[in-house]
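Novice: Residue numbers (the working numbering): 116 to 371. We treat Cβ as the ideally placed atom computed from N, Cα and C, and that holds for glycine.
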Amino acid sequence: MKFSHLNLFIQDRIATLKLNRPKALNALNKEMIMELHQAIEFLDENNEVRVVILTGEGEKSFVAGADITEFKDFNKEEGRALSATGHTSLFNRISNATKPYIAAINGFALGGGLELAMACHVRIASTNAKMGLPESSLGVIPGYGGTQRLVQLIGKGKALEMMFSAKMIDSDTAEKYGLINKVCDPEALMVESLKMANSFIKNSGDAQAAIIRVVNSTLEGGRGFDSEIKEFGERFGSAEFAEGTKAFIEKRKPNF
Ligand code: CAA
116 MKFSHLNLFI QDRIATLKLN RPKALNALNK EMIMELHQAI EFLDENNEVR VVILTGEGEK
176 SFVAGADITE FKDFNKEEGR ALSATGHTSL FNRISNATKP YIAAINGFAL GGGLELAMAC
236 HVRIASTNAK MGLPESSLGV IPGYGGTQRL VQLIGKGKAL EMMFSAKMID SDTAEKYGLI
296 NKVCDPEALM VESLKMANSF IKNSGDAQAA IIRVVNSTLE GGRGFDSEIK EFGERFGSAE
356 FAEGTKAFIE KRKPNF
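#1: List the residues that DSSP assigns as beta-bridge partners of Asn122.
#2: Roughly how many angstroms lie between the CA atoms of Ala244 and Ala322, to the nearest whole one?
#3: Report the start-end ranges of each beta strand (DSSP E) in the stretch 185-263 that is 3 residues or longer and not cut off at the edges.
#4: Leaving out five residues before and five after Asn370 in sequence, what residues of the same chain have Cβ atoms less than 8 Å from its Cβ?
#5: How do the stretch 126-146 and the stretch 222-235 stand: do at least 3 beta-carbon pairs fall below 8 Å, yes or no?
#6: Under the three-state reduction of DSSP, which class applies to Asp127: helix, strand or coil?
#7: For the alpha helix (DSSP H) holding Phe356, just list the boundary residues, first then last.
#8: Which one or two residues does DSSP pair with Leu169 in a beta bridge?
#9: Specify the secondary structure class of Ile347 as computed by DSSP and reduced to three states.
#10: Find out if the Cβ-Cβ distance for the pair Leu123, Leu134 is shorter than 8 Å.
#11: Check Val329 in the structure and name its three-state DSSP category.
#12: For the ligand CAA, is there a heavy atom less than 7 Å away from the beta-carbon of Ser342?
#13: Assign Ala392 to buried or exposed, taking buried as 16 or more other Cβ atoms, counted over all protein chains shown, within 10 Å of its Cβ.
#14: Does DSSP put Asp287 in a helix, in a strand, or in coil?
#15: In the DSSP assignment, find the unbroken alpha helix (DSSP H) run with Ser436 in it and report its ends.
#16: Going by DSSP, which residues form a beta bridge with Lys273?
#17: If we call anything under 8 Å between Cβ atoms a contact, is Ala180 one with Gly254?
#18: For the beta strand (DSSP E) containing Lys297, name the first residue and the last one.
#19: Excluding sequence positions up to five away, which residues of its chain have a Cβ less than 6 Å from the Cβ of Lys117?
#20: Relative to the ligand CAA, is the shortest distance from any of its heavy atoms to the C-beta of Tyr216 smaller than 7 Å?
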């Protein structure tokens, strides 16, 4: 398959999906979300592929969030639709995939980027990775599942601190919190991810698909995700959202 902002390699039953839009630190725009959706549909139906590794090109960024330039002028309805489409076409699609997804976090995983890593089933991060949900610094909230999945992974207190402070944490802290499964040197990231993928392949794929379904049956769906979509949309059109996104584009601190 050919993509503009993704590279897909398949070898020995492991697919590696690499995000490649370096000029914007792999920020997720509409086109990337559609390409990821197509790749995931293809991988889900490909019986030769048993595990998928999702990573970013280079050592600077996994994904620096949703593309702020794309949504800064959205109204409430467009904001709500952005979140809802992201949930159904990408984030829930990965979370409910028929095979394990490993996020290999090679740098910044912020906002929608950390949400993408959290939609994957497990996470390995390099020592230079930085993770956070900085949406409140823009006057918005996490809109791609972050309010639900961060709480599930690290608990309410730490999750709220991360969302309120908008600060990034390093890989050691993320491992301590249980946000990631493992930390390794940048040059070992793909080796460690492949090692983990190979340890999964040894076991029953049917059983793993069932494990994903059963684990998600208690954790996914329900009112939390619906509430996130609604509240995400509500922030659009507010004065603080306008100030937060304008400040980012003008490379200055917002005045809230
Ligand atoms: N959207 C659009 N462009 C982005 C971006 C984003 N999320 N993140 C980075 N970029 C762009 C920058 O604007 C810059 O572009 P120019 O060269 O044209 O100026 C380029 O990528 C390189 O970025 P920086 O110069 O800022 O690089 P840095 O090393 O100084 O800083 C960073 C890196 C700390 C990651 C900083 O880029 C940053 O804070 N990015 C935004 C992070 C963020 O707020 N993410 C959340 C987005 S909202 C969201 O995701 C909502 C949701 O849940 C659905």
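Specialist: The answer reads as follows:
#1: Lys133
#2: 32 Å
#3: 216-220, 223-225, 237-241, 245-247
#4: Glu358, Ala362
#5: yes
#6: coil
#7: 354-364
#8: Leu132, Ala218
#9: Residue identity differs from the one stated: residue 347 is Phe in this sequence, not Ile. Phe347 falls in the helix class under three-state DSSP.
#10: no
#11: helix
#12: no
#13: It is not possible to answer for residue 392, since the shown part of the chain is limited to 116 through 371.
#14: helix
#15: The displayed coordinates of the chain run from 116 to 371. Any statement about residue 436 would go beyond what the structure contains.
#16: Lys273 pairs with nothing; no bridge assigned.
#17: The question names Ala, yet the displayed sequence has Gly at residue 180. Going by C-beta atoms, Gly180 is not nearer than 8 Å to Gly254.
#18: 297-299
#19: none
#20: no
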